[in-house]
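S.K.: One line per chain: the protein sequences are E and F, in this order.
In this text, residue positions in the first sequence follow my numbering: the first is 250, and each later residue adds one.
In this text, residue positions in the second sequence follow my numbering: the first is 250, and each later residue adds one.
If you scroll down you'll find the structure; I have some questions about it.
There are 2 protein chains.
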Amino acid sequence: MAPQEVGDSKRIPKAVIKRLSLYSRVLQNLEMKNTAKVSSKELSEQLGLNPAQVRKDLAYFGQFGIPGVGYYVADLRSQIKKILRTDREVRIALVGVGNLGQALLSYTGFIREGFQILGAFDVDPGKVGTTIRGVHVYPIDELEERLRQLGAEILILTLPREAAQAVTDRAVRCGITAILNFVPTRLVVPPYVKVHYVDLTIEIESLSYYLK
Amino acid sequence: MAPQEVGDSKRIPKAVIKRLSLYSRVLQNLEMKNTAKVSSKELSEQLGLNPAQVRKDLAYFGQFGIPGVGYYVADLRSQIKKILRTDREVRIALVGVGNLGQALLSYTGFIREGFQILGAFDVDPGKVGTTIRGVHVYPIDELEERLRQLGAEILILTLPREAAQAVTDRAVRCGITAILNFVPTRLVVPPYVKVHYVDLTIEIESLSYYLK
Chain E
250 MAPQEVGDSK RIPKAVIKRL SLYSRVLQNL EMKNTAKVSS KELSEQLGLN
300 PAQVRKDLAY FGQFGIPGVG YYVADLRSQI KKILRTDREV RIALVGVGNL
350 GQALLSYTGF IREGFQILGA FDVDPGKVGT TIRGVHVYPI DELEERLRQL
400 GAEILILTLP REAAQAVTDR AVRCGITAIL NFVPTRLVVP PYVKVHYVDL
450 TIEIESLSYY LK
Chain F
250 MAPQEVGDSK RIPKAVIKRL SLYSRVLQNL EMKNTAKVSS KELSEQLGLN
300 PAQVRKDLAY FGQFGIPGVG YYVADLRSQI KKILRTDREV RIALVGVGNL
350 GQALLSYTGF IREGFQILGA FDVDPGKVGT TIRGVHVYPI DELEERLRQL
400 GAEILILTLP REAAQAVTDR AVRCGITAIL NFVPTRLVVP PYVKVHYVDL
450 TIEIESLSYY LK
């Protein structure tokens, strides 16, 4: 197996990064079934992709497959986790403990992947000071102080639209460079800050397109 | 403005369809500010894309821009809604009224876009028969009968993983062809059924990749 060669992240399409995560999910399932090897064909079939796509995606990062054998499941998964940098604790904080925030605090997918939501923030005095699914809710006034203390790297925003930009500005000023935004609004951030938008409206609209 | 020419949906990349929805969101904001015209440059800047991308995406569907003028905001938006088929009521049902399900029932983005969640389903006797954010919760046993009655086209799945495939099979048998799946599991469906996956783990993993 060749050493992992992570190129300039700017040159690797976003879609490739997302598919790496999908591959990791399939490999995890195979590992649980004690499957040792997998071909690009088998891997691709489970995701409705074509084998060439899988090989091309992985080729961005090095030479992982062995001709005539395929990939070693455990090894490929650990390589992908290294590439995605999820082979360590990913430190997350969440702002806005409404229904969606609470749903995310108890999202089994995060727990399974070992992601740690280290703290949550809200303005509601009824929520501040409580612990939801093991996560303490801090007052939003303490955002800067607590983010530093918790060592949070990724901020999840599930707060009302009106407050989203102001909270973003505060978080960015104290070092947050990655935001997962569920609020249906575009955020203004410096170029070095990465924002991923989860806009549920867009998912429904694009499904609507495919209805016959 | 040339007539809308929707080609074979198979030939249009998924990413284009999702961007159409983003354009629609920006155009909606411009409309609210009473802006009559917009250039591809202005449109692209608001989304961090390049103008050529915007022009190329729209070119899949016809000739919308006027050289030297740009696009008429209201007209382009209504054309995009036609393409996405959101110029009509989009009929949605939801299965699984936990935290995430409840968050979606009250998601303001859906309401703003005029999407109608017509009914919800759950197994919990404490939830069945109640109305959450104006949406009635039916027992899952009545799934087939109610989906037909409600004329649901899109099914949102926010139920536990163990139940996801069985509910999918039942829904597909009674005519559902579009599913928005929040459950972190791959669903097996016939080729004519479109499933969009919202896997929140993948969003976090790809953000992790971009952390320096």
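Cβ coordinates follow ideal geometry from the N, Cα and C atoms, glycine included.
All of these numbers come straight from a predicted model, not from anything done at the bench.
Which partner residues of F/Gln-365 appear in the DSSP bridge assignment?
M.R.: Note: F/Gln-365 sits in a beta bridge opposite F/Arg-340.
S.K.: Going by CA-CA distance only, name the one from F/Asn-283, F/Pro-262, F/Phe-313 and F/Ser-455 that's closest to E/Ile-403.
M.R.: Selected option, being the one with the closest Cα: F/Ser-455.
S.K.: Does E/Leu-429 come within less than 8 Å of chain F when only Cβ atoms are used?
M.R.: Chain F contact via Cβ: present.
S.K.: CB-CB under 8 Å to E/Leu-333, same chain, minus the five flanking residues each way: which ones, in chain order?
M.R.: Excluding sequence neighbours, E/Leu-333 sits near Ile-266, Leu-269, Ser-270 and Ser-273.
S.K.: Do you know how far the Cα of E/Gly-424 is from the Cα of E/Glu-393?
M.R.: Their backbone Cα atoms lie some 9 Å apart in a straight line.
S.K.: Among F/Ile-453, F/Gln-351 and F/Val-287, which one has its Cα closest to the Cα of E/Ala-401?
M.R.: Selected option, being the one with the closest Cα: F/Ile-453.
S.K.: Closer than 8 Å, CB to CB, is F/Gln-398 near chain E or not?
M.R.: It does not; no Cβ of chain E falls within 8 Å.
S.K.: Please state the DSSP three-state secondary structure of E/Val-421.
M.R.: Here E/Val-421 sits in helix by DSSP.
S.K.: At the level of alpha carbons, what is the spacing between E/Leu-399 and E/Arg-435?
M.R.: So the two alpha carbons sit approximately 26 Å from each other.
S.K.: Taking the alpha carbon of F/Ser-355 as the reference point, which residue from E/Val-432, E/Val-318 and E/Leu-325 has its own alpha carbon closest?
M.R.: When only C-alpha atoms are compared, the closest one is E/Val-432.
S.K.: For a contact meaning CB atoms closer than 7 Å, what does F/Asn-348 contact in chain E?
M.R.: Ordered by position in chain E, the residues that pass the 7 Å Cβ test against F/Asn-348 are Asn-348, Gln-351, Ala-352 and Ser-355.
S.K.: Is F/Lys-443 helix, strand or coil by DSSP?
M.R.: Reduced to three states, the DSSP call for F/Lys-443 is strand.
S.K.: Counting only beta-carbon separations shorter than 8 Å, does F/Pro-388 have a partner in chain E?
M.R.: Not closer than 8 Å to any Cβ of chain E, the Cβ of F/Pro-388 fails to qualify, so no.
S.K.: Tell me the DSSP secondary structure of F/Val-466 in three-state form.
M.R.: Absent from the model: residue 466 of chain F. The displayed extent of chain F is 250 to 461, so no value can be given.
S.K.: Let me check understanding here. Comparing Cα to Cα, which of E/Leu-406, E/Ile-451 and E/Val-447 lies closest to E/Gly-345?
M.R.: Nearest C-alpha to E/Gly-345: E/Leu-406.
S.K.: With DSSP as the reference, label F/Lys-376 as helix, strand or coil.
M.R.: Coil.
S.K.: For the segment 304–323 of chain F and the segment 380–393 of chain F, state whether three or more C-beta atom pairs, one from each stretch, are separated by less than 8 Å.
M.R.: Because the criterion of three Cβ pairs below 8 Å is not met, the segment 304–323 of chain F and the segment 380–393 of chain F do not touch.
S.K.: With 8 Å as the threshold, decide whether the Cβ of F/Glu-402 is near any Cβ in chain E.
M.R.: Yes, its Cβ sits closer than 8 Å to a Cβ of chain E.
S.K.: Check whether the Cβ of E/Asp-257 lies closer than 8 Å to any Cβ atom in chain F.
M.R.: Confidence in E/Asp-257 is poor, its pLDDT being 45 and thus under 50, which makes the residue's placement unreliable; the coordinate value appears in the next sentence. False, the Cβ-Cβ gap to chain F never drops below 8 Å.
S.K.: What is the C-beta distance between F/Glu-362 and E/Thr-450, in whole angstroms, given that I count them as a contact (C-beta under 8 Å)?
M.R.: The pair is a contact, with the Cβ atoms about 5 Å apart (cut-off 8 Å).
S.K.: Who are the neighbours of E/Pro-433 on chain B, taking C-beta pairs under 9 Å?
M.R.: Absent here is chain B; the protein component of the structure consists of chains E and F.
S.K.: State buried or exposed for F/Gln-351, treating a residue as buried only when at least 16 other CB atoms are found within 10 Å of its CB.
M.R.: Burial call: buried.
S.K.: Mark F/Gly-256 as exposed unless 16 or more other C-beta atoms lie within 10 angstroms of its C-beta, in which case mark it buried.
M.R.: Residue placement at F/Gly-256 is flagged as unreliable, the pLDDT there being 42, under the threshold of 50; the coordinate-derived value follows with that caveat. Its Cβ having fewer than 16 others within 10 Å, F/Gly-256 is exposed.
S.K.: Determine the direct distance from the alpha carbon of E/Lys-376 to that of E/His-385, and round the result to whole angstroms.
M.R.: Straight-line Cα distance between these residues: approximately 9 Å.
S.K.: Let me check one thing: in DSSP terms, what residues is E/Lys-286 bridge-paired to?
M.R.: The partner list for E/Lys-286 (beta bridge, DSSP) reads E/Tyr-321.
S.K.: Pick helix, strand or coil for E/Asn-210, following the three-state DSSP scheme.
M.R.: This structure leaves residue 210 of chain E out entirely; chain E is present only between 250 and 461.
S.K.: Go ahead and pull the three-state DSSP assignment for F/Asp-371.
M.R.: Reduced to three states, the DSSP call for F/Asp-371 is strand.
S.K.: Looking at the structure shown, is E/Tyr-387 part of a helix, part of a strand, or coil, going by DSSP?
M.R.: Correct three-state label for E/Tyr-387: strand.
S.K.: Please list the terminal residues of the continuous alpha helix (DSSP H) segment that includes E/Ile-453.
M.R.: Where E/Ile-453 is concerned, the enclosing alpha helix (DSSP H) stretches over 449–459.
S.K.: If the cut is a Cβ gap below 7 Å, which residues of chain F does E/Asp-371 touch?
M.R.: Neighbours of E/Asp-371 on chain F: none; closest Cβ ~15 Å, over 7 Å.
S.K.: Pick out whichever of F/Leu-276, F/Val-438, F/Ala-420 and F/Glu-338 has its Cα sitting closest to the Cα of F/Gln-328.
M.R.: That would be F/Leu-276, whose Cα lies nearest to the Cα of F/Gln-328.
S.K.: In angstroms, rounded to a whole number, what distance separates the CA positions of E/Tyr-321 and E/Phe-310?
M.R.: Taking the straight line joining both Cα atoms gives about 16 Å.
S.K.: For E/Leu-325, I'd like the list of residues in its chain whose CB is within less than 7 Å of its CB, leaving aside the five on either flank, ordered along the chain.
M.R.: Leu-276 and Phe-313.
S.K.: When you compare only the Cα positions, how much space is there between E/Gly-339 and E/Thr-357?
M.R.: Going by the sequence as given, residue 339 of chain E is Val instead of Gly. Distance between the alpha carbons of E/Val-339 and E/Thr-357: 15 Å.
S.K.: Check distances from the C-beta atoms of the segment 406–427 of chain E to those of chain F and list, in chain order, the residues that come in under 7 Å.
M.R.: Those residues of the segment 406–427 of chain E that come within reach of chain F (Cβ to Cβ, closer than 7 Å) are Thr-426 and Ala-427.
S.K.: Check E/Asp-257 in the structure and name its three-state DSSP category.
M.R.: Bear in mind that a pLDDT of 45 at E/Asp-257, under 50, signals an unreliable position, so the model cannot answer this.
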